[in-house]
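A quick write-up on the structure given underneath.
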Amino acid sequence: MSRQVVRSSKFRHVFGQPAKADQCYEDVRVSQTTWDSGFCAVNPKFVALICEASGGGAFLVLPLGKTRAFSHPEHREAPVSLASSLQVWEIPDGGLTLPLRESVVTLEGHTKRVGIVVWHPTAQNVLLSAGCDNVILVWDVGTGAAVLTLGSDVHPDTIYSVDWSRDGALICTSCRDKRVRIIEPRKGTVVAEKDRPHEGTRPVRAVFVSDGKILTTGFSRMSERQVALWDTKHLEEPLSLQELDTSSGVLLPFFDPDTNIVYLCGKGDSSIRYFEITSEAPFLHYLSMFSSKESQRGMGYMPKRGLEVNKCEIARFYKLHERRCEPIAMTVPRKSDLFQEDLYPPTAGPDAALTAEEWLGGRDAGPLLISLKDGYVPPKSRELRVNRGLDTGRRKTAPEASGTPSSDTVARLEEEMKKLQATVQELQQRLDRLEETVQAK
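Per the numbering used here, the very first residue in the sequence shown carries number 32; after that it's consecutive.
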């Protein structure tokens, strides 16, 4: 690989710093599923990860600072649902005190397992999902209905990745048919596509980066891992193509639009590579690589507003090991403790710029930007309300909010309580018998 360094870049000396042992999340049994995904999602309040459980569908959600609670069963959530459905859950600001058993809304429309779920970057309650049925659905979570469908005529084979453009006007997809497509989802039209961006047969990943460009990761014919940068208006040849190594793990790209840095993390790797994207040739500049001893099973990426700006932290990853989650801070070395404005331009805030209706009506808008100069305090969560009266005709199973439980609900809860009491009594009897056996010996 040709390792060209941007000599004048302020990010040349970025380095990774793993968290101390007491700041890691212990006793995490990460899912053994073979799907090429990060298995971890992070925001300034919570970290969520997919964990191993019989039957699948189990996940953990904890406040960021609560690193030692994974061993307690009351923090383990195992939603029971069809593999082809999506469930949206609402986590209280202070975290969970009781197990969640009912989602806010269940979205049904896929016929096979759902592997990709991505929120719209600027429109409220707009969610995209892609399944093994080769179908992409765009949902209005506020009504529990699928409002847009991209069928298998657009993607004839398995969809590997989907990414929204910064303003949410377009999506970029990679598919098993070896094509990368730029799609206008509201019209259902393919704006541009590239056949075989990488010559190898392994999966390709594609994400939008700055100035309408896309970045792809894939494999060469000789199974060498590659990263390429493309101009969506001229997809004949890449702006830059670099070969990395011969490892077999699919590279997952994470792009930071504030710094124009892209981070590449491979499942099974023990390193994170990072590159800077510029508007002039050679466009894609290798910066450095963070390495550790243990390989990663997955990776989460913190939004910019969740970082410690007083420590010049420009990115933070949550690396999944076999039984723990380890935060890794990417830091620019600076001597001053003052706020570094060149490192932290206004960044995307948590508020939506558009309603779902406005976006569906054809409006586009960039994210609402906020300053990090005085730090960021996460606001209180707003309750998600599902209005079934606005259904557009597609099936949904969102429960109506009600002030008092129905008689059927009370009866069901009483029956469940009786079963639980019987189970506890049986377990207590078994424990007593075991104690008697031990004492007899």
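From the three backbone atoms N, C-alpha and C, an ideal C-beta is built for every residue, glycine too.
Model, not experiment: these values are computed from the prediction.
When you compare each of the options to residue i by their alpha carbons, which one comes out closest?
| i | options | result |
| --- | --- | --- |
| Tyr-317 | Ile-214, Lys-404, Trp-120 and Val-258 | Val-258 |
| Val-136 | Glu-389, Thr-174, Lys-41 and Asp-164 | Thr-174 |
| Thr-98 | Pro-152, Val-78, Arg-365 and Phe-90 | Val-78 |
| Pro-123 | Lys-449, Lys-76, Val-145 and Thr-153 | Lys-76 |
| Ile-213 | Lys-244, Phe-285 and Gln-459 | Lys-244 |
| Lys-41 | Asn-291, Lys-218 and Leu-275 | Asn-291 |
| Glu-353 | Gln-327, Leu-91 and Val-166 | Gln-327 |
| Ser-134 | Asp-382, Trp-120, Leu-444 and Arg-144 | Trp-120 |
| Thr-378 | Ser-278, Ile-401, Trp-66 and Ala-396 | Ile-401 |
| Gly-219 | Glu-268, Leu-168, Glu-446 and Lys-264 | Leu-168 |
| Asp-242 | Ala-84, Gly-397, Ala-52 and Gln-460 | Gly-397 |
| Gly-297 | Glu-325, Glu-311 and Leu-272 | Glu-325 |
| Asp-67 | Pro-358, Tyr-332, Met-448 and Arg-236 | Arg-236 |
| Ala-312 | Arg-60, Tyr-349, Leu-351 and Leu-272 | Leu-272 |
| Phe-250 | Val-238, Glu-274 and Lys-264 | Glu-274 |
| Cys-163 | Val-145, Glu-467 and Gly-231 | Val-145 |
| Gly-125 | Glu-215, Lys-411, Lys-449 and Ile-303 | Lys-411 |
| Pro-288 | Thr-468, Arg-252, Glu-445 and Pro-334 | Pro-334 |
| Asp-368 | Leu-91, Ala-383, Glu-344 and Arg-60 | Glu-344 |
| Glu-268 | Thr-180, Phe-370, Phe-321 and Asp-226 | Asp-226 |
| Lys-404 | Lys-342, Leu-444 and Val-417 | Lys-342 |
| Ser-196 | Glu-467, Asp-395 and Glu-447 | Asp-395 |
| Thr-277 | Glu-215, Glu-466 and Ser-254 | Ser-254 |
| Ala-387 | Val-157, Val-59 and Met-448 | Val-157 |
| Val-473 | Leu-415, Arg-464 and Ala-89 | Since the first residue shown for the chain is 32 and the last is 472, residue 473 is missing from the structure and cannot be characterised. |
| Leu-179 | Gly-140, Lys-209, Asp-208 and Arg-464 | Gly-140 |
| Ser-323 | Glu-445, Glu-467 and Ser-302 | Ser-302 |
| Val-240 | Ala-471, Gln-456, Val-455 and Pro-284 | Pro-284 |
| Ser-192 | Ser-183, Leu-462 and Ile-147 | Ile-147 |
How would you write the range of the beta strand (DSSP E) that residue i sits in, first residue to last?
| i | result |
| --- | --- |
| Glu-307 | 302-308 |
| Trp-150 | 145-150 |
| Trp-195 | 190-195 |
| Asp-262 | 256-262 |
| Gly-331 | 329-332 |
| Ser-322 | 315-322 |
| Ser-116 | 116-119 |
| Ser-205 | 202-206 |
| Ser-160 | 157-162 |
| Leu-168 | 167-171 |
| Tyr-294 | 292-297 |
| Val-417 | Where Val-417 is concerned, there is no enclosing beta strand (DSSP E), given that its DSSP letter is neither H nor E. |
| Ala-176 | 176-181 |
| Glu-349 | It is worth fixing the name first, because residue 349 is Tyr in this sequence and not Glu. That run of the beta strand (DSSP E) goes 344-351. |
| Val-135 | Careful: Val-135 lies outside any beta strand (DSSP E) and carries neither H nor E. |
| Leu-80 | 77-82 |
| Gln-54 | Careful: Gln-54 lies outside any beta strand (DSSP E) and carries neither H nor E. |
| Ile-359 | 355-362 |
| Gly-47 | 46-49 |
| Phe-42 | Phe-42 -> no beta strand (DSSP E), and no H or E assigned at all. |
| Phe-90 | 89-94 |
Please confirm whether residue i and residue j have their CB atoms less than 8 Å apart.
| i | j | result |
| --- | --- | --- |
| Ser-115 | Thr-142 | yes |
| Gln-155 | Leu-385 | yes |
| Ile-190 | Cys-203 | no |
| Gly-299 | Val-340 | no |
| Leu-338 | Ile-308 | no |
| Leu-266 | Ala-223 | yes |
| Asp-198 | Thr-153 | yes |
| Asn-165 | Pro-130 | no |
| Arg-347 | Met-361 | yes |
| Thr-248 | Leu-295 | yes |
| Ser-319 | Tyr-332 | no |
| Leu-159 | Val-149 | yes |
| Cys-71 | Tyr-349 | yes |
| Gly-69 | Phe-321 | no |
| Ala-177 | Trp-170 | yes |
| Leu-91 | Cys-82 | yes |
| Val-363 | Val-45 | yes |
| Leu-415 | Val-73 | no |
Which whole-angstrom value describes the C-beta separation of residue i and residue j, a residue pair presumed to lie in contact below a C-beta threshold of 8 Å?
| i | j | result |
| --- | --- | --- |
| Val-281 | Pro-234 | 5 Å |
| Leu-270 | Phe-314 | 5 Å |
| Tyr-56 | Arg-365 | At roughly 29 Å, the Cβ-Cβ gap does not stay under 8 Å, so Tyr-56 and Arg-365 are not in contact. |
| Trp-13 | His-151 | As displayed, the chain neither begins before 32 nor continues past 472, which places residue 13 out of reach and without an answer. |
| Pro-358 | Ala-50 | 4 Å |
| Val-238 | Phe-286 | 5 Å |
| Leu-351 | Leu-80 | 6 Å |
| Gly-393 | Arg-217 | 7 Å |
Alpha helix (DSSP H) containing residue i: first to last residue?
| i | result |
| --- | --- |
| Trp-66 | No alpha helix (DSSP H) holds Trp-66; DSSP gives it neither H nor E. |
| Ala-383 | It is not in any alpha helix (DSSP H) - Ala-383 carries neither H nor E in the DSSP assignment. |
request  = Any chance you could list the beta strand (DSSP E) runs of at least 3 consecutive residues sitting entirely within the segment 211-250, in chain order?
outcome  = 220-226, 236-239 and 244-250
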